[in-house]
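If you count the sequence shown from 1, you need to add 630 to reach my numbering.
For every residue, glycine included, the Cβ atom is placed at its ideal position computed from N, Cα and C.
Since this is a predicted model, take the numbers as computed values, not measurements.
A short worksheet on the structure shown next.
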Amino acid sequence: MHKVLYIEDNIVNIQLVQYMLRKSDFSVIHAMDGQTGLELAEQIKPDVIVIDYHMPGMNGLEVVEKIKSNPDLANIPLIALTADTLPETYRACKQAGFNAYLNKPLSRGLFLDTLNKLVVKPMMIE
């Protein structure tokens with residue numbers, strides 16, 4: 631079972647992702663804010679981290695900056711998940727170091743495909 635850390639401040643979105651992944655090889659651990667997400671990432675060392683772009687307090691880009699500066703977390707794949715479809719947001723996420731960028735509303739098929747490409751397939755190559 632692969633561990634997905636989902637950092638998201640909206641409980642409905644958390645429940646949706648949990649529902650989407652209920653019959654998959656991915657288990658979801660969630661954090662309601664960036665600081666809690668960073669602490670959980672340190673503790674559980676997830677296989678992938680999904681991060682909401684817009685959150686109060688520490689936004690998604692700030693979370694990624696802290697993850698990338700931590701040698702224990704820097705190589706974990708990161709997925710940006712946002713309702714923001716502006717090209718500038720996409721560029722900022724790419725520049726920050728996200729491995730993938732997905733828009734809300736989230737497609738289950740695209741989400742699973744992205745998770746598999748980032749987590750399952752790389753592990754098979756090693």
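> Shortest alpha-carbon distance to residue 640 belongs to which of 732, 724, 684?
Replying inline: 684
> Is the region 657-665 touching the region 680-699 in the sense that three or more CB pairs, one from each, lie closer than 8 Å?
Replying inline: yes
> Quick one: Cα of residue 636 to Cα of residue 668, how far?
Replying inline: 11 Å
> Taking the alpha carbon of residue 646 as the point to measure from, which residue in 748, 732, 721, 738 has its own alpha carbon closest?
Replying inline: 738
>> Please list the terminal residues of the continuous beta strand (DSSP E) segment that includes residue 633.
In response: 632-637
>> Less than 7 Å between C-beta atoms, sequence neighbours within five positions excluded: which residues of the same chain meet that for residue 744?
In response: 709, 730, 732
>> Using only CA atoms, which one of 705, 726, 720 lies nearest to residue 671?
In response: 705
>> Let me check understanding here. Comparing Cα to Cα, which of 673, 680, 675 lies closest to residue 648?
In response: 680
> For residue 719, which residues of its own chain have a beta-carbon under 7 Å away from its beta-carbon, when the five flanking residues on both sides are left out?
Replying inline: 683, 712
> In angstroms, rounded to a whole number, what distance separates the CA positions of residue 677 and residue 633?
Replying inline: 5 Å
> In chain order, what residues of the same chain have a beta carbon less than 6 Å from the beta carbon of residue 727, not counting five sequence neighbours either side?
Replying inline: 694, 698
> What is the C-beta distance between residue 651 and residue 658, in whole angstroms, given that I count them as a contact (C-beta under 8 Å)?
Replying inline: 6 Å
>> With the cut-off set at 8 Å, would you say residue 748 and residue 701 are in Cβ contact?
In response: no
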